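Asks: Next up is a structure, given as structure tokens.
Protein chains: 2
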Amino acid sequence: MNTTFQHIGIIHSCFTEKFGIPRQSGLVSEAPAEVEIFPPYNREEAFRKLETFSHIWILFVFHAIKIKDWKPCVRPPRLGGNQKVGVFATRSGFRPNRIGMSSVRLMNIRQEGSCIILSVKGGDFLNQTPVLDIKPYLPYADMIPSAAGGFAAAAPESELAVEFSPQALETCTEIEKQSCPGLSKLIVQTLSIDPRPAYHSHRPVPKVFGVKLYNFNIKWEISDDGILVTSIENC
Amino acid sequence: MNTTFQHIGIIHSCFTEKFGIPRQSGLVSEAPAEVEIFPPYNREEAFRKLETFSHIWILFVFHAIKIKDWKPCVRPPRLGGNQKVGVFATRSGFRPNRIGMSSVRLMNIRQEGSCIILSVKGGDFLNQTPVLDIKPYLPYADMIPSAAGGFAAAAPESELAVEFSPQALETCTEIEKQSCPGLSKLIVQTLSIDPRPAYHSHRPVPKVFGVKLYNFNIKWEISDDGILVTSIENC
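The listed protein sequences derive, respectively, from chains A and B. At position 160 of the first sequence (counting the first as 1) the number is 160 in the numbering used here, and the numbers step up by one without a gap. At position 6 of the second sequence (counting the first as 1) the number is 6 in the numbering used here, and the numbers step up by one without a gap.
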């Protein structure tokens, strides 16, 4: 038995490649995204009163996973990438039905021509993610203060210091003025939670990485002092 | 564009008809349900470490809605059934993609022959609900203490007193001994939150209602003093 669901919209996200996407919603609180609702779901009245909620759930498709088969176990980055747990004990996208769910802050809802666009912050979406549903976050039902979070009880601990080289800072300031306010804050939040795969975490040698945000390639190095953003280039 | 998802399991729930189902998960904390996982998803290792979480999300299909079309607005019971709001501002099943999500307490996971069965409490599922996904409830990501719940900010207020007639109490005690421990508590919780449709709420005349739990028809009357369970019959 199966059920087919329509894509009701698409997410335009600052995360334009998988590397760098926070591993849960809320971890990069300033990460902006826009949810564009497709016809025939783009009706103002279908979202009436949604603006009274501060947060919403977005149900989406993990669309960029190319492997067709699912495996019963995954190695969550959370456990250092070495330990296998059941896929249903994780929020990994490598699951039988590739439905993701993330709670985000609802900033505003606007109409642009025939489009309905929801502006949100704090998401963990890859750009172009297909949307299945929008639901209000109901504190009285969705907040469970007594819940115990198993092997993922608390947010990941790493909070690295992030600095910019003088040249990277200059480029960033220029880009912020021209087209992309908040870019430096987004870079800091994204890198401070250490986007490197788990198996790199204890490599002592500084190494150069690149992470894509919007259409910028952010290059950075890691050392014992933290992260240094060395350049920001169009890509 | 659309995506097809397999049903990975089915829910065996105490709620065998729509009337009486709590309007969110957690409202009837003792409501039991069992999630039977279908092959090929019924592999013990696919659920490994899930037992370390106290609560899980169940994504499911609202399967009993027969109307094919969706409407942009619904009248939530929450607002007395008279006010229309956008369907995306509610958790109603009458939505374009009929995916529901509920958080429940995970009581245990057991293997019975080739079956994997998750035993849960606090659900709001109709019996025979198809399951799309099981995910752990992650307190650090899913608890949003700052969230504002719009027009559904707090749990519904009504808490009616529930009494049993001597005959109903006797029948209930007998059923509890024989086959169904906890039935009286389940009846009290289910009725105390007033399962009547919103448009009945201010009718002063006592009226007889019936609600089905498992294969029992629970008859009850309402008056200014609260609810009186008058009989419990097999159906």
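In this text, a Cβ means the ideal position worked out from N, Cα and C, and glycines have one as well. If you're wondering where the values come from, they're calculated on a predicted model, not measured in any experiment.
#1: 7 Å is my cut-off, CB to CB: does A/Y214 come that close to chain B?
#2: Which chain A residues sit within Cβ distance under 7 Å of B/E45?
#3: Residues of chain A with a CB under 9 Å from the CB of B/S103: which are they?
#4: Is A/D133 helix, strand or coil when you go by DSSP?
#5: Of the residues that make up the stretch 158-179 of chain A, which ones have a beta carbon closer than 7 Å to any beta carbon in chain B?
#6: Who are the Cβ neighbours of B/P130 in its own chain at under 7 Å, not counting the five residues just before and after it?
#7: Would you identify the three-state DSSP class for A/V28, choosing helix, strand or coil?
#8: Can you have a look at A/R110 and say buried or exposed, based on whether 16 or more other CB atoms are within 10 angstroms of its CB?
#9: Would you list, in sequence order, the uninterrupted beta strand (DSSP E) runs of no fewer than 3 residues that lie entirely inside the stretch 162-227 of chain B?
#10: Compare the C-alpha of A/A168 against each of A/P76, A/S184, A/Q178 and A/K68 and name the closest.
#11: Which one or two residues does DSSP pair with A/T3 in a beta bridge?
#12: Any chance the stretch 80-96 of chain B sits against the stretch 122-137 of chain A, with 3 or more Cβ pairs inside 8 Å?
#13: Whose C-beta lies closer than 7 Å to the C-beta of B/F53 among residues of the same chain, with five residues either side of it excluded?
#14: Answer with yes or no whether the minimum CB distance from A/P195 to chain B is below 7 Å.
#15: Look at the alpha carbon of A/D225 and the alpha carbon of A/A161, and state the distance between them as a whole number of angstroms.
#16: Among residues of its own chain, excluding the 5 on either side of A/F47, which ones have a beta-carbon nearer than 7 Å to its beta-carbon?
#17: Nearest-angstrom Cα distance between B/G113 and B/G182?
#18: Strictly below 7 Å CB to CB, what residues from chain A border B/S25?
#19: Using only CA atoms, which one of B/C73, B/E45, B/A152 and B/P156 lies nearest to B/I193?
#20: Rounding to the nearest angstrom, what Cα-Cα distance links A/H55 and A/T190 in this structure?
#21: Would you report the Cα separation of A/E44 and A/I227, rounded to the nearest angstrom?
#22: In terms of alpha-carbon separation, which member of B/F209, B/S223, B/T16 and B/E221 lies closest to B/G123?
Replies: Once the coordinates are examined:
#1: One-based indexing of the first sequence puts residue 214 of chain A at position 214. Chain B, which has no Cβ nearer than 7 Å to the Cβ of A/Y214, makes this no.
#2: Sequence index remark: in the second sequence, residue 45 of chain B carries index 45 (1-based). P72, C73 and G86, listed in chain order.
#3: Position 103 of the second sequence, counted from the first residue, corresponds to residue 103 of chain B. Result: A141, D142, I144 and A147.
#4: In the first sequence, counting from the first residue as 1, residue 133 of chain A sits at position 133. Strand.
#5: Going along the stretch 158-179 of chain A in chain order, one finds no residue with a Cβ nearer than 7 Å to chain B.
#6: In the second sequence, the residue the question calls residue 130 of chain B occupies position 130. Answer for B/P130: H7, I10, F60, V61 and H63, listed in chain order.
#7: As a first step, residue 28 of chain A must be located in the first sequence, where it is residue number 28. A/V28: coil per DSSP, three-state reduction.
#8: Taking the first residue of the first sequence as position 1, residue 110 of chain A is located at position 110. Exposed, by the Cβ-count rule.
#9: Within the stretch 162-227 of chain B, the runs of beta strand (DSSP E) that reach at least 3 residues and sit entirely inside it are, in chain order, 162-164, 208-213 and 216-223.
#10: Within the first sequence, the letter at position 168 stands for residue 168 of chain A. Out of A/P76, A/S184, A/Q178 and A/K68, A/S184 has the C-alpha closest to the C-alpha of A/A168.
#11: For this step, residue 3 of chain A is matched to residue 3 along the first sequence. The partner list for A/T3 (beta bridge, DSSP) reads B/F5.
#12: The stretch 80-96 of chain B is in contact with the stretch 122-137 of chain A.
#13: Here residue 53 of chain B corresponds to residue number 53 of the second sequence, with the count starting at 1. Cβ within range, chain order: L106, P136 and Y137.
#14: The residue you call residue 195 of chain A lines up with position 195 of the first sequence. Answer no: the Cβ-Cβ gap between A/P195 and chain B never drops below 7 Å.
#15: Residue numbering aside, residue 225 of chain A sits at position 225 when the first sequence is read from its first letter. Residue numbering aside, residue 161 of chain A sits at position 161 when the first sequence is read from its first letter. Near 7 Å, if we compare the C-alpha coordinates of A/A161 and A/D225.
#16: Walking along the first sequence from the start, residue 47 of chain A turns up at place 47. Taking C-beta separations shorter than 7 Å and ignoring five residues to either side along the sequence, the partners of A/F47 in its chain run I109 and I116, following chain order.
#17: Taking the first residue of the second sequence as 1, we reach residue 113 of chain B at position 113. Taking the first residue of the second sequence as 1, we reach residue 182 of chain B at position 182. The alpha-carbon atoms of B/G113 and B/G182 are separated by roughly 27 Å.
#18: Here the question's residue 25 of chain B lines up with position 25 in the second sequence. For the C-beta of B/S25, the chain A residues within less than 7 Å are, from N- to C-terminus, A141.
#19: Position 193 of the second sequence, counted from the first residue, corresponds to residue 193 of chain B. Closest in C-alpha terms to B/I193, from the list B/C73, B/E45, B/A152 and B/P156, comes B/P156.
#20: By 1-based counting over the first sequence, the position of residue 55 of chain A is 55. By 1-based counting over the first sequence, the position of residue 190 of chain A is 190. Approximately 21 Å between the Cα atoms of the pair.
#21: Looking up residue 44 of chain A in the first sequence gives position 44. Looking up residue 227 of chain A in the first sequence gives position 227. Taking the straight line joining both Cα atoms gives about 44 Å.
#22: Position 123 of the second sequence holds residue 123 of chain B. Here the closest residue by C-alpha is B/T16.
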